[in-house]
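K.L.:
Structure below; questions to follow.
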Amino acid sequence: MSPAPANPLPPDAPLRSGVVAYLRERLGLDSVEALAEKKHVPVHRETIFYYLGGMALFLFGIQIATGILLSLYYKPSPDQAFESVRAIMTEIDFGWLMRSIHSWSANLIIGVLFLHLLTTYMMRAYRGPREFTWITGCILLGIFMAFGFSGYLLPWNELAFSATRVGTEIVGVVPWIGDELLLLARGGENVTGDTLARFYALHVVILPIVTFGLLGIHLFLVQKHGMSVPDRVVRRQGSFEAVPNMRFIPDFLLRDMVGWFVALGFLAVLGALFPWELGEKANPFGSTPEGIKPEWYFLFMFQLLKLIPGHVLGLEGKMLGVLACGAAGLVVLLVPFLDRGETPGRARMVFNLLAAAAVTFFIAMTAWGFFDKLQFQLALGGLLFAGVLALSVAALERGAPLRRLVILLSVLSSLVCVGMLAWGLRG
Amino acid sequence: MVAVTGAVILYPVVRFLRPRPATTSGAMEKKAPFSLKELKVDAEGKWPSPFDFGGKPCLVIRTPDGTVRAFNAICTHLDCTVGFRPEESDIFCPCHNGVYDLSGRVVSGPPPRALEEYKVDLRGPKREEIVVSRTS
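The listed protein sequences derive, respectively, from chains A and B. Each residue of the first sequence is one higher than the last, beginning at 404 in my numbering. Each residue of the second sequence is one higher than the last, beginning at 1152 in my numbering.
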């Protein structure tokens, strides 16, 4: 005979509470409720940055949903890939919307993740005990860039084909194991149908599985350690406990959802007004068309590879560029172990300076890669001016770290502008 | 024991991931899909596109003095396919702005090496057929 339930329902209990009690007991909802009750989010000037992770998560959800829908019609073979994407864009009801949202969201997600990384860095939220939250986050950013790169090839158009050849060739530049990596990435010496099959498997099976695992660890660590609060806020309030906070459920989550709702509307507008281009079908033996560019988040590397000459100090220039980018990525990954200082001081100055320099370099190289020469100078000048102006206005009443960042950015952008002007006048 | 089991499982997986060997290598010879007469800018302003030569694109150009030359059209920088620009009288890679002269030597930009040149023979009764070959 089975034991009687712990809380037998009173015979006159209403149906709803009866169902709730039934599920509560069987699914262990008490512990979930206790966890939700316990979770609080600190409220201070930089609280807005806490929403970025949730926004990335929401966009990832959009990617999963639209990705599953696209996979119902997409055919991963060189003979059919381009035609199937064209059919999605022109023949399938709302296919254009699904593909455009998938592409736009893919770009937004990278932008949000960059901001998430930068703000986490500026708040120094990577310090112990959150080192592994930072590391899993950095790896996730890399994985999302790999998602972008692998997904880019799938329509099998000219742009994608060239970008994949360049991108996989970059892998081949890695010393010692480059040739093997190149073969592994392409599934042969050249970019062919085998490459498409590998990229498809990577995009829809391997990367999602890895992402789920890492994201699980990342979110668990965020739960475990709670939100990091900037030192300055703690000092001002006297102690960590004195910092005001709000409940995660429902207060923070509802605010999160407002952002998601706006993002969904924004994606629909982008998809409707700027449907993603399909371009021309790839011709594996045709000359690469002029004006070829990768996605914006790889432009800085693309521009860097344009600028480095064939040989530098006896090394191949491209190897130097790839190694430099790899080293920069490694430094970002190891930041929690490099900056261990508890108090503000010189170390912090150095780190802020490095961040400002890296961001300026990224923006300048991206703009340079995006625009032609004269356009570039005007665009970069305007962009930096507008950016600094916006930051200055926002920072007028703000605390020290942001102000310092603004001053640094102003100085650096002025230097870049002067340099560009001199370069332009020379030309 | 664990290491042996791991190796027994991993070895076939690693071998599986290694692609099949390239289908063609070594010496070969091929007739271009266009004749000498067609080796000029077409009505759309385009030079004849490179063709499949043993799995690699082969670009055929004509120098101002009329010499026909053929190159492996893969840019030595990062693997894009170069194109001939008759007006500029050069070979150009649009990916990272690499410029080669009409002998395939690097003029400017990031390419580290010259393009690989193939041998060109003109055959047929009117010497109109372009036959490209490489020795190894």
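Virtual Cβ for every residue (Gly too), placed ideally from N, Cα, C. Note that the structure is a prediction, hence the values are computed from the model and not measured.
Beta-carbon within less than 8 Å of D582/A's beta-carbon, same chain only, minus the 5 sequence neighbours each way: which residues are those?
P.N.:
Around D582/A: G575.
K.L.:
Would DSSP call T595/A helix, strand or coil?
P.N.:
T595/A falls in the coil class under three-state DSSP.
K.L.:
Express the C-alpha separation of T1227/B and R1220/B in angstroms, rounding to a whole number.
P.N.:
Roughly 18 Å separates the two Cα atoms.
K.L.:
Could you work out which residue in Y476/A, A437/A, N686/A and I573/A is closest to K721/A when comparing CA atoms only?
P.N.:
Ranking the options by Cα distance to K721/A, first place goes to I573/A.
K.L.:
I'd like to know whether the C-beta of G1206/B is nearer than 7 Å to at least one C-beta of chain A.
P.N.:
Yes, its Cβ sits closer than 7 Å to a Cβ of chain A.
K.L.:
Counting contacts by CB-CB distance shorter than 7 Å, is I1160/B in contact with chain A?
P.N.:
Chain A contact via Cβ: absent.
K.L.:
Using a Cβ cut-off of 7 Å, pull out every chain B residue sitting near V574/A, in sequence order please.
P.N.:
Per Cβ cutoff of 7 Å: no residues; V574/A is ~11 Å from chain B at best.
K.L.:
Against H628/A, what residues of chain B qualify as contacts under a CB-to-CB distance less than 9 Å, listed in chain order?
P.N.:
The contacting residues do not exist; H628/A stays about 34 Å from chain B at best.
K.L.:
Counting Cβ pairs closer than 8 Å, one from the segment 1227-1244 of chain B and one from the segment 1258-1267 of chain B, do we hit at least three?
P.N.:
Touching, per the Cβ criterion.
K.L.:
If you reduce the DSSP assignment to three classes, tell me which class H714/A lands in.
P.N.:
In the structure shown, H714/A sits in a strand (DSSP, three-state: E or B).
K.L.:
Taking DSSP's pairing of strands, which residues face C1244/B in a bridge?
P.N.:
Looking at the DSSP assignment, C1244/B forms a beta bridge with G1249/B.
K.L.:
Roughly how many whole angstroms lie between the Cα atoms of V422/A and I652/A?
P.N.:
Approximately 22 Å, taken between the alpha carbons.
K.L.:
Going by other Cβ atoms of all chains shown within 10 Å of its Cβ, with 16 needed for buried, is I504/A buried or exposed?
P.N.:
Counting Cβ neighbours within 10 Å, I504/A comes out buried, since at least 16 surround it.
K.L.:
Within the continuous beta strand (DSSP E) that includes F1204/B, where are the two ends?
P.N.:
Per DSSP, F1204/B belongs to the beta strand (DSSP E) from F1202 to F1204.
K.L.:
Can a CB atom of chain A be found closer than 7 Å to the CB of S1200/B?
P.N.:
With 7 Å as the cut-off, S1200/B counts as an interface residue toward chain A.
K.L.:
Report the partner residues of S1259/B according to the DSSP bridge assignment.
P.N.:
V1250/B.
K.L.:
Taking A1183/B as part of the beta strand (DSSP E), name the residues at either end of that continuous run.
P.N.:
Looking at the DSSP string, the run of the beta strand (DSSP E) that includes A1183/B is M1179 to S1186.
K.L.:
Any beta-carbon of chain B closer than 7 Å to the one on I382/A?
P.N.:
No information on residue 382/A is available, as it lies outside the stretch 404 to 830 that chain A covers here.
K.L.:
Apart from the five residues on each side of it in sequence, which residues of its chain come closer than 6 Å, Cβ to Cβ, to A1194/B?
P.N.:
Hits under 6 Å: none found.
K.L.:
Establish whether the CB of D1241/B and some CB of chain A are separated by less than 7 Å.
P.N.:
No, its Cβ sits nowhere closer than 7 Å to a Cβ of chain A.
K.L.:
Roughly how many angstroms lie between the CA atoms of A727/A and V1165/B, to the nearest whole one?
P.N.:
Their Cα atoms are separated by approximately 29 Å.
K.L.:
Between E428/A and chain D, is the shortest Cβ-Cβ distance under 7 Å, so that the two count as touching?
P.N.:
The structure shown contains no chain D; its protein chains are A and B.
K.L.:
Below 8 Å CB to CB, which residues in the same chain sit around V1282/B once its five sequence neighbours on both sides are set aside?
P.N.:
Contacts found: E1180, K1181, K1182, A1183, V1271, D1272, L1273 and R1274.
K.L.:
When the Cα atoms are used, what is the spatial distance from R1169/B to G616/A?
P.N.:
The alpha-carbon atoms of R1169/B and G616/A are separated by roughly 26 Å.
K.L.:
Just the C-alpha distance for L757/A and L815/A, rounded to the nearest angstrom, thanks.
P.N.:
Answer to the nearest angstrom: the Cα atoms are 11 Å apart.
K.L.:
Is it buried or exposed, M526/A, if we count other Cβ atoms within 10 angstroms and call 16 or more buried?
P.N.:
Buried, because 16 or more other Cβ atoms sit within 10 Å of the Cβ of M526/A.
K.L.:
Pull up the DSSP beta-bridge partners for A1221/B, would you.
P.N.:
Paired residues: V1211/B and Y1269/B.
K.L.:
Should the segment 479-490 of chain A be called in touch with the segment 670-687 of chain A, which here means at least 3 C-beta pairs below 8 Å?
P.N.:
Touching, yes.
K.L.:
Using a Cβ distance threshold of 8 Å, determine whether the segment 490-498 of chain A contacts the segment 470-478 of chain A, with at least three qualifying pairs required.
P.N.:
Yes: at least three Cβ pairs fall under 8 Å.
K.L.:
Going by the beta-carbon positions, is the gap between C1209/B and P1201/B smaller than 7 Å?
P.N.:
Going by C-beta atoms, C1209/B is nearer than 7 Å to P1201/B.
K.L.:
To the nearest angstrom, how far is the alpha carbon of H443/A from that of E449/A?
P.N.:
Using only the alpha carbons, I get a separation of about 15 Å.
K.L.:
Closest by CA to D654/A, which one among E428/A, D597/A, V446/A and L618/A?
P.N.:
Checking every option, the nearest Cα to that of D654/A belongs to V446/A.
K.L.:
Just to make sure I have the definition right: I need the residues of chain B whose C-beta is within less than 7 Å of the C-beta of D597/A. Which are they?
P.N.:
Correct list: P1170.
K.L.:
Is it buried or exposed, S405/A, if we count other Cβ atoms within 10 angstroms and call 16 or more buried?
P.N.:
Residue confidence is low: S405/A scores 48 on pLDDT, short of 50, so the model does not pin down where it sits. Its coordinate-derived value is still stated next. The residue is exposed, with fewer than 16 neighbouring Cβ atoms inside 10 Å.
K.L.:
Taking the alpha-carbon positions, what's the L737/A to T1286/B distance?
P.N.:
Rounded to whole angstroms, L737/A to T1286/B spans 50 Å at the Cα level.
K.L.:
If contacts are defined as beta-carbon pairs under 8 Å, then S565/A and A1224/B qualify, I think. What distance do you get, rounded to the angstrom?
P.N.:
Actually they do not touch by this definition, with Cβ atoms about 13 Å apart.
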